[in-house]
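Protein sequence lines, in the order shown, are assigned to chains A and B. Start counting the first sequence at 24; every next residue gets the next number (our numbering). Start counting the second sequence at 4; every next residue gets the next number (our numbering). Heads up, the beta-carbon is just placed ideally off N, CA and C, and yes, glycines get one too. Computed from a prediction, not measured in an experiment: that's the story for all the values here.
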Amino acid sequence: MSFRVPILASLVVCSALAASPAAAEKLRLVSDVPALEGRQVQRPVWGPGAQPQLVHEITDRSRLTWLRVIRVTGATISDELVPGSRSSRMESLGAAADRADSGAAWWDASSFFFVRSVGGSSSLFYFDGIPREVPGLSGRVGEVRSDSSRQRLFATIESEGVDVYRLSGKGFAEERVQLSQSPGVVENSLAVSREDGGIFWISATPSGTRLGGAAPAEPAAVRERLTADRLHLYELISMVVLPGAEGMVAYARVPAGVKDPELESHVMIHLSTPMDGRCQLTELVRNVYVPPGLPPRPAYSDGGRVLYYVAESAEQSNPVMRLDRATGKSTRLDLATHGHQEVAVWEYTHSGDKVVPWIAVVSVGDGEGEDVRNHLYVGPLGDWPDW
Amino acid sequence: MLHELSPLLSAWTVRSSLALSLLMLAVALGCGCPSGRTGAQNSQFSGSGAASTDPCHRSLDGDLRTIRSRLEKKRVQEARPYVEALAGCPDAGESFEYLMLAAQVYEELGELNAAWTAATSALREAARQGESAVISELQGRLEKFTEHYVRIDGGGPSSLAPRIRYAGAVLDDVTFAQLEVVAENRYVEFAPGQWGFWLYPGRYQVGGVDRVMKAGDSLDVRPGGE
């Protein structure tokens with residue numbers, strides 16, 4: 024859903040907070056290409072590697088989504104669409120044009136897994152230049168995540184209910200271990216710890232959400248319900264595990280009726296690494312903007328010390344904010360874009376040891392003032408050679 | 004009069020019925036089935052009438068219609084038996100229509116090298132028969148190979164094929180089959196004197212070196228070629 028903002032509003036600078044220096048001019052529009060004619064961008068996901076790259080969804084608002092990969096080499100941006108078919112002839116005939124490709128999860132610097140829904144089926148695919156269906160999986164796949172050892176996948180699969188599975192072995196079909204066992208509950212927003220390969224998830228139940236996990240990712244270590252004070256006051260939407268055993272950060276909805284029956288707002292919360300099934304909960308920021316539909320994951324850099332989010336503010340055109348968890352201070356990023364919908368961040372290194380966060384923002388308009396579709400802008404939050 | 008004929012009629016009826024029953028029994032057992040086909044119904048291909056001990060005596064036009072029909076219905080696996088049954092038949096080998104359809108079937112099944120061979124054979128036949136429109140279509144199709152797949156240039160049938168192993172996370176049957184073609188030295192000819200293989204894009208280990216090869220990439224592994 025696009026955020027319609029009059030052009031003049033974009034000229035109103037109204038910020039009580041300091042802007043970070045030299046960030047605005049470095050973002051470039053990367054979605055003004057023929058493949059996006061009449062379509063919108065959503066869900067950018069940065070990938071690992073020496074050069075900045077990301078995969079994002081292209082949607083025509085009818086639930087059909089395609090995937091596009093963008094790679095940055097110096098000042099050059101190249102892109103590649105994930106085709107519907109491996110056959111060039113079938114592709115030219117529009118094979119699987121009515122597909123919904125989503126949930127991209129990077130495996131390594133040159134490939135990622137994703138979920139492809141065509142007709143009534145929903146299958147797990149792998150893309151390394153062509154889409155390859157992961158064989159031997161029965162049931163509808165919801166989402167997928169890989170662990171940092173690149174030995175295992177985690178997926179939500181619907182067979183008798185939706186549950187979390189660990190997949191490993193040859194072709195990821197040799198070993199299929201069910202981790203969650205919760206009839207009537209839908210597990211989603213899988214998040215994997217880089218440190219110990221533990222897996223966490225949000226369980227959506229008829230009476231609200233709860234947090235589950237398994238660290239290590241073994242059936243014996245599964246906790247269907249991790250607890251925290253006041254957790255029941257929040258409806259968890261999406262989350263990410265921070266590196267360095269720094270816990271988890273989640274977007275959450277504060278349901279109407281808790282604070283004010285008229286209002287429902289979104290917040291960002293921090294949950295400490297569970298000890299004996301229990302976390303410490305801290306509310307970090309309120310009035311966070313979370314777009315409708317499948318929610319993006321919280322974005323971070325600097326080992327999780329810095330978080331990025333879109334603040335819900337019509338007057339300020341949904342600014343992108345940077346929160347330093349160490350100081351608790353939020354600053355607004357001075358971007359030339361407006362009407363922000365999503366933000367994604369990943370760190371890349373140049374000149375051997377210079378780590379620079381790269382940001383991708385989904386925002387309204389293509390900079391020319393007439394297009395009100397969601398477009399994608401990317402760029403470094405710092406100096407980057409040749410950019 | 005009728006009552007005098009009645010015993011004769013009855014006998015005739017009984018003999019006719021018996022003959023008809025024997026005929027139906029013969030049909031059911033598959034003997035002398037009026038299908039126009041020679042030989043016994045040797046069912047090496049399931050369900051379809053593609054079976055024959057001598058496929059080259061089949062109706063080429065009929066089989067081409069069947070192949071087209073299967074392709075249109077996206078049932079390419081069912082088209083394969085017809086393509087394979089006709090391979091090697093003189094009539095089919097001189098039919099650019101058959102060769103074009105074979106190329107389509109093989110490409111959709113991921114047998115890129117067989118598809119290339121069929122398409123180049125179709126191009127030769129079309130050129131020999133002066134079919135300019137077909138030539139143009141085939142040239143476009145062959146160019147698509149260069150855009151969509153990875154080309155490996157090798158030394159040719161008289162040399163050992165390069166050692167290529169898939170190094171990505173998901174090895175599917177089609178990629179496995181493509182690499183078998185390489186391992187078995189079944190080169191295809193790109194142009195006179197230029198031999199090699201086609202592969203899907205992906206991560207491969209070629210001669211022990213990991214490489215990510217994208218659509219349109221080519222790799223020269225001829226001795227002294229890199």
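Residue from the options with nearest C-alpha to residue i
| i | options | result |
| --- | --- | --- |
| Y332(A) | G300(A), G326(A), G192(A), A367(A) | A367(A) |
| L213(A) | I153(A), G194(A), A196(A), G236(A) | G236(A) |
| V308(A) | R175(A), A273(A), S295(A), R320(A) | A273(A) |
| R199(A) | L160(A), E114(A), G326(A) | L160(A) |
| L141(B) | G171(B), S124(B), H151(B), Y152(B) | S124(B) |
| N341(A) | T350(A), S146(A), K49(A), V387(A) | V387(A) |
| S191(A) | G143(A), R345(A), E241(A) | E241(A) |
| G175(A) | E181(A), V185(A), Q204(A), I222(A) | Looking at the sequence shown, residue 175(A) is not Gly but Arg. Looking at the Cα atoms, I222(A) is the closest of the given residues. |
| L104(B) | Q80(B), R78(B), L74(B) | L74(B) |
| R154(B) | E134(B), K217(B), E187(B), S135(B) | K217(B) |
| V191(B) | K76(B), G158(B), A172(B) | G158(B) |
| V108(B) | L222(B), A172(B), R71(B), T178(B) | R71(B) |
| E287(A) | P266(A), V313(A), D299(A) | V313(A) |
| A334(A) | R328(A), D325(A), P321(A), G327(A) | P321(A) |
| R173(A) | R189(A), R301(A), E183(A) | R189(A) |
| P318(A) | Q303(A), S54(A), E80(A) | E80(A) |
| C302(A) | V311(A), V277(A), Y323(A), A268(A) | A268(A) |
| G65(B) | R78(B), A88(B), Q80(B) | A88(B) |
| R168(A) | S182(A), S144(A), D131(A), K193(A) | D131(A) |
| R61(B) | Y85(B), E81(B), E128(B) | Y85(B) |
| Q132(B) | Y152(B), G143(B), E97(B) | E97(B) |
| P71(A) | T354(A), N397(A), D55(A), W129(A) | W129(A) |
| D325(A) | V311(A), E306(A), L346(A) | L346(A) |
| V311(A) | L147(A), H363(A), G162(A) | H363(A) |
Residue i versus residue j - alpha carbon distance
| i | j | result |
| --- | --- | --- |
| Y101(B) | E218(A) | 58 Å |
| G117(A) | L104(A) | 13 Å |
| G219(B) | P93(B) | 35 Å |
| A90(B) | C59(B) | 9 Å |
| L234(A) | A117(B) | 53 Å |
| V224(B) | A275(A) | 55 Å |
| R122(A) | G142(A) | 8 Å |
| L11(B) | T69(B) | Note that L11(B) scores a pLDDT of 47, beneath 50, so its modelled location is shaky; the value from the coordinates is reported in the next line. L11(B) and T69(B): Cα-Cα distance of roughly 51 Å. |
| E111(B) | S162(B) | 29 Å |
| W407(A) | L50(A) | 12 Å |
| E211(A) | E166(A) | Checking the sequence shown, residue 211(A) turns out to be Asn, not Glu. Approximately 7 Å, taken between the alpha carbons. |
| E338(A) | L202(A) | 45 Å |
| D357(A) | G61(A) | 28 Å |
| D213(B) | R328(A) | 36 Å |
| S216(A) | L126(B) | 56 Å |
| D170(A) | A121(B) | 43 Å |
| E370(A) | V263(A) | 16 Å |
| P380(A) | A130(B) | 57 Å |
| R112(A) | P278(A) | 50 Å |
| R155(A) | P106(A) | 11 Å |
| T360(A) | Q76(A) | 20 Å |
| T88(A) | V138(A) | 11 Å |
| S54(A) | T350(A) | 35 Å |
| A53(B) | R78(B) | Residue placement at A53(B) cannot be trusted, given a pLDDT of 49 that sits under 50; what the coordinates show is reported in the next sentence. Going by the C-alpha atoms only, they are around 15 Å apart. |
| Y323(A) | M271(A) | 11 Å |
| S115(A) | R83(B) | 21 Å |
| S139(B) | L222(B) | 27 Å |
Whole-number beta carbon distance between residue j and residue i, since they are thought to touch under 8 Å
| i | j | result |
| --- | --- | --- |
| V95(A) | Q74(A) | 6 Å |
| L399(A) | V378(A) | No, L399(A) and V378(A) are not in contact; Cβ-Cβ is about 23 Å, not under 8 Å. |
| D156(B) | G113(B) | Wrong, their Cβ atoms sit about 21 Å apart, outside the cutoff. |
| A98(A) | P158(A) | Not a contact, Cβ separation roughly 41 Å. |
| P411(A) | G231(A) | Chain A is shown from 24 up to 410; residue 411(A) falls before or after that span and cannot be answered. |
| A383(A) | V401(A) | 5 Å |
| F179(B) | E134(B) | Not a contact, Cβ separation roughly 36 Å. |
| F136(A) | L147(A) | 6 Å |
| N188(B) | P160(B) | 7 Å |
The ligand FAD heavy atom lying under 8 Å from the CB of residue i
| i | result |
| --- | --- |
| Y169(B) | With respect to small molecules bound, the structure shown includes none, and the ligand FAD cannot be examined in it. |
Can at least three beta-carbon pairs, one atom from the segment 165-182 of chain B and one from the segment 202-221 of chain B, be found at a separation below 8 Å? With the cut-off at 8 Å, the segment 165-182 of chain B and the segment 202-221 of chain B touch.
Give a yes or no on contact between the segment 132-150 of chain B and the segment 167-184 of chain B, applying the rule of three or more CB pairs nearer than 8 Å. No contact exists between the segment 132-150 of chain B and the segment 167-184 of chain B.
At least three beta-carbon pairs within less than 8 Å, the segment 248-265 of chain A to the segment 286-306 of chain A: With a cut-off of 8 Å, the segment 286-306 of chain A and the segment 248-265 of chain A count as touching, because enough Cβ pairs lie within range.
Spell out a yes or no on whether the segment 252-266 of chain A and the segment 220-234 of chain A are touching, meaning 3 or more CB-CB pairs, one atom from each, closer than 8 Å. Here the segment 252-266 of chain A lies against the segment 220-234 of chain A, with 3 or more beta-carbon pairs under 8 Å apart.
Specify whether the segment 197-206 of chain B and the segment 148-167 of chain A touch according to this definition: at least 3 beta carbon pairs, one from each stretch, less than 8 Å apart. In short, these stretches touch, since the Cβ pair count reaches three.
In chain order, what are the residue ranges of uninterrupted beta strand (DSSP E) at least 3 long that sit wholly in the segment 231-293 of chain A? Fully enclosed beta strand (DSSP E) runs of 3 or longer: 231-237, 245-251, 258-264, 271-277.
Quick check for students: name the residue ranges of the beta strand (DSSP E) that lie wholly in the segment 162-221 of chain A, counting only runs of 3 or more. Counting whole runs of 3 or more residues, the segment 162-221 of chain A contains the beta strand (DSSP E) stretches 163-169, 175-181, 185-191, 198-201, 209-215.
If you scan the segment 299-358 of chain A from start to end, which runs of the beta strand (DSSP E) of 3 or more residues do you find wholly inside it? Secondary structure in the segment 299-358 of chain A: the beta strand (DSSP E) runs of 3 residues or longer, each lying completely within the stretch, are 304-308, 322-324, 329-333, 343-347, 352-356 in chain order.
Alpha helix (DSSP H) runs contained entirely in the segment 133-159 of chain B, provided each spans 4 or more residues: If we require 4 residues or more, the alpha helix (DSSP H) runs fully inside the segment 133-159 of chain B come out as 135-151.
Jot down the residue ranges of each uninterrupted beta strand (DSSP E) in the segment 93-138 of chain A, minimum 3 residues, whole runs only, in chain order. The segment 93-138 of chain A is shown to contain whole beta strand (DSSP E) runs of 3 or more residues at 99-104, 122-131, in chain order.
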